[in-house]
Every structure is written in C-alpha cells, then in structure tokens.
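Since the structure comes first, as structure tokens, the remarks are kept for the end.
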Amino acid sequence: IVQRSITVADPEFLLFVIVEAPDGVLTRHDRQAIGAARRLDGGGAGAVAVLAAGPIAEAGAAGADLTMDLKVEGYDPDDAATKIAASVRLHAPRHVLFVESEDGGDLARRVASLLDEPLFDRVESLSARRAIRPAVAGRSEWRASPPRLISIAPDMIAPYHGLPHASRELDAPELSRVVPDLTDMGMISVDAADIPLGEAGLVLAAGNGVVDFPMFLRLAHALGATPGASRVVCDAGHLPRAMQVGASGTLLNADCYIALGISGAPQHLQGIGAVEHVAAVNTDLHAAIIARAELAIIADAHAVMRALLALLGAAS
2 IVQRSITVAD PEFLLFVIVE APDGVLTRHD RQAIGAARRL DGGGAGAVAV
52 LAAGPIAEAG AAGADLTMDL KVEGYDPDDA ATKIAASVRL HAPRHVLFVE
102 SEDGGDLARR VASLLDEPLF DRVESLSARR AIRPAVAGRS EWRASPPRLI
152 SIAPDMIAPY HGLPHASREL DAPELSRVVP DLTDMGMISV DAADIPLGEA
202 GLVLAAGNGV VDFPMFLRLA HALGATPGAS RVVCDAGHLP RAMQVGASGT
252 LLNADCYIAL GISGAPQHLQ GIGAVEHVAA VNTDLHAAII ARAELAIIAD
302 AHAVMRALLA LLGAAS
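Here the sequence shown stands for residues 2 to 317, where the numbers follow the numbering used here.
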C-alpha cells in the first residue's frame, strides 16, 4: 500500500508552532495550533515547523513539514524561551504560534519579551488575512491582520485533517545552556479521584446500567481515571452530585470519556460535547451514547468491568 503525502521542498516562508507535546505526543491543543498554522499558510507555499522541548511523534500526520528539537531538559521555561527566540532570529518565520495554556501562554509572553514584539493572544478565529480574539470580557472582539506572534485559544480552531506531510528536521541554534534559576522537582503524583471533573483528562462514568459501584470505583482507580456519573445515578444517591456529568452537572473537556451503562440523554451528551474520544459500553445497540462513541462495546457493563480489572491485575 502506497500512502500519499505532501512535501514542501522549497518553502517561500516558515511558520513556527511551539507545542507542549508531553512525552513526545502532540496534545489536542497542539494539533489545533498546527491546524491554525496551516490556515495561515493559505495557498500551501509555506512550511510549518513544529518546535518542542524534545523529539515528537506523528508531526507529519498533524500537518507539520519540519520539526525542531530544542533539547530543553525538564521544566526550564527560561531555556525554552531563549532557544525559541534564537530560532526565530535565525530562521525568520512569518508567524510564530503558541498554545494558549497555562505553560504555553507563559512561554509565549517570555518569547514576546525577548523579541520585543507584541503578542496577539487567545485567538479564536484565524485566516491568512485576519486574526480574531475576544475583547471586553467576551462581549466584543478584536480583529487584526495576523501579527508575527500569536497564541491559539483551546478548542476554537480545528486540527489539520488533510493528507500527511513529509516531515524532516530543522536545525536548532547552537546555544550553551544557562543554569536555571528554578529547580525542576518533577511531576507530583495526584489521585485521579481528587481531580475536578472539568479538569480531568480521562473520565470513567457510571450510568443506570451499573449497580456494583465499589467495582466501578476500583476500575476508575486502576485506570487512573476520574470517576463520573449520569444524573440518574446521582439522583438515586449512588454517587455524589459532584460526579454528575452533563448540562446540569459538569461539562467535560477530557481527552477520553468511557461511559458504562449510560444511555446518553440529551443533557448528558451536552456535557461531553468537547470530549475528543468517547468509548461506550451498553447493552442497547441503539442507545444515543453508542452513536456518539468512537468505540462501542455492546455488552453488560459489569462483564466489561470485570474483564478490565482482570487485565489490569486489580480484580481483587
């Protein structure tokens, strides 16, 4: 099988995208920023270069023509900003895009300060001719020709969905590393059950098809998932109201949502509207949640929970 791909051999200009890519994997927000860069490219004469702290995977499939490994060790925003600014001076990209997240937004402002250039932040709509961001607490909007430094708001611009690009490496500037003022103490382990539903990346939810809630909570713990529930389960008092997912509970922004025995009432589907990947276990092939799911298992939720616990070695 021969897979077609796009090669930009001699680009007229470069577009930089600064991604977070934890463990070398592009996040949903990263891919949205790359999609925004492809919009800025317009006619396809430019090349999109993805810059990350370390090597990344599947950049070409996300729409990148070039990748640059900045070789930033641990959490060192000063080193990252210095290397990004040096890369901008070396390669002179037409635009530099950042993800507007807690860390990405901080990095964008550090780079803007080093380059002494304005940052057009929290952009929600973008084309080769126009960038739009909210203003006056969202009651108005600010429109401008796209400046060089832009940060992209989450979940407002679609990722790139075209043919994969043939990605190659772009040389990073040679800089000596300065001893950072901050000491990276590493990631702090947090129990997923203590993460608020609205901030959780992986959510396992129980619906009316679940009756063994201790087993459900064991599975959530074994998966490292934040437990959630449908309104019916919370109304019955089986799980606390804080776990309710839906328009009348918590609206999720998770990367993955696993629904066990949930039919998919309209208000529940509203609650998972922004979730990227949905898996559902239900005995009813025609349940609304099955239509929403990427992965559907037509089976009893308890049988699936027992099988997953066994696979995870947490059956007891």
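Built from N, CA and C at the ideal position, the CB exists for glycine as well.
According to DSSP, is residue i part of a helix, a strand, or is it coil?
i: S249; result: coil
i: L127; result: strand
i: L15; result: strand
i: G229; result: strand
i: R140; result: coil
i: R5; result: coil
i: A280; result: strand
For the alpha helix (DSSP H) that contains residue i, what are its first and last residues?
i: S114; result: E103 to L116
i: L309; result: A302 to L312
i: A221; result: F214 to L224
i: D80; result: P78 to H92
i: L270; result: P267 to G272
i: R293; result: A289 to R293
Our contact map puts residue i next to residue j with C-beta atoms below 8 angstroms; I'd like the distance itself, whole angstroms only.
i: S152; j: V100; result: 7 angstroms
i: T28; j: A37; result: Not a contact, Cβ separation roughly 14 angstroms.
i: A318; j: D70; result: Since the first and last residues shown for the chain are 2 and 317, residue 318 lies out of range.
i: G225; j: A193; result: 5 angstroms
i: H166; j: A50; result: That belief does not hold up - the Cβ atoms of H166 and A50 are roughly 11 angstroms apart, past 8 angstroms.
i: L67; j: L171; result: 4 angstroms
i: Y161; j: A297; result: The pair is not a contact, with the Cβ atoms about 27 angstroms apart (cut-off 8 angstroms).
Since residue i is in the beta strand (DSSP E), which residue starts that stretch and which ends it?
i: I196; result: Neither: I196 is in no beta strand (DSSP E) and is coded neither H nor E.
i: V26; result: Note, V26: premise wrong, no beta strand (DSSP E); not H, not E.
i: H96; result: H96 to V100
i: T68; result: L67 to D70
i: I298; result: L296 to I299
i: S152; result: L150 to I153
i: A48; result: G47 to A53
State the Cα-Cα distance for the pair residue i and residue j, rounded to the nearest angstrom.
i: A326; j: A237; result: No answer is possible for residue 326: the residues shown for the chain start at 2 and end at 317.
i: G202; j: C257; result: 6 angstroms
i: R111; j: Q268; result: 41 angstroms
i: L240; j: N209; result: 12 angstroms
i: V124; j: G139; result: 12 angstroms
i: G163; j: G199; result: 31 angstroms
i: G229; j: A281; result: 14 angstroms
i: K84; j: D104; result: 16 angstroms
i: P197; j: S231; result: 16 angstroms
i: I133; j: M157; result: 11 angstroms
i: A93; j: F14; result: 8 angstroms
i: R307; j: I57; result: 35 angstroms
i: E72; j: G55; result: The sequence shown places Lys at residue 72, rather than the Glu named in the question. Whole-angstrom Cα-Cα distance: 5 angstroms.
i: R90; j: F17; result: 12 angstroms
i: A311; j: V9; result: 48 angstroms
i: L205; j: G45; result: 41 angstroms
i: A81; j: L115; result: 12 angstroms
i: D195; j: G187; result: 19 angstroms
Once you ignore the five residues that flank residue i on each side, which residues in its own chain have a CB closer than 7 angstroms to its CB?
i: H30; result: V100, S102 and P155
i: G272; result: V246, G247, A248, G250, T251, L252 and L253
i: G265; result: A288, A289, I290 and R293
i: G75; result: D185
i: L286; result: I299
i: A87; result: P174 and L176
i: P135; result: R123, E125 and E142
i: L270; result: A289 and R293
i: L218; result: P228
i: L309; result: L220
Leaving out five residues before and five after residue i in sequence, what residues of the same chain have Cβ atoms less than 6 angstroms from its Cβ?
i: D117; result: none
i: I276; result: In the sequence on display, residue 276 carries Val and not Ile. Correct list, in chain order: L253, A255 and Y258.
i: A129; result: L41 and G43
i: L150; result: V97, A113, E118 and L120
i: P12; result: G47 and A48
Could you pull out every residue in the same chain whose Cβ sits closer than 8 angstroms to the Cβ of residue i, ignoring the five residues on either side in sequence?
i: H303; result: V211, V212, D213 and M216
i: A159; result: Q33 and G36
i: R242; result: C235 and G250
i: R131; result: R144, A145, S146 and P147
i: G61; result: S6, P165, H166, A167 and S168
i: A109; result: I19, F99, E101, L120, D122, L150 and S152
i: R95; result: F14, L15, L16, L41, G47 and R149
i: V1; result: The requested residue 1 does not occur in the structure, where the chain is confined to residues 2 to 317.
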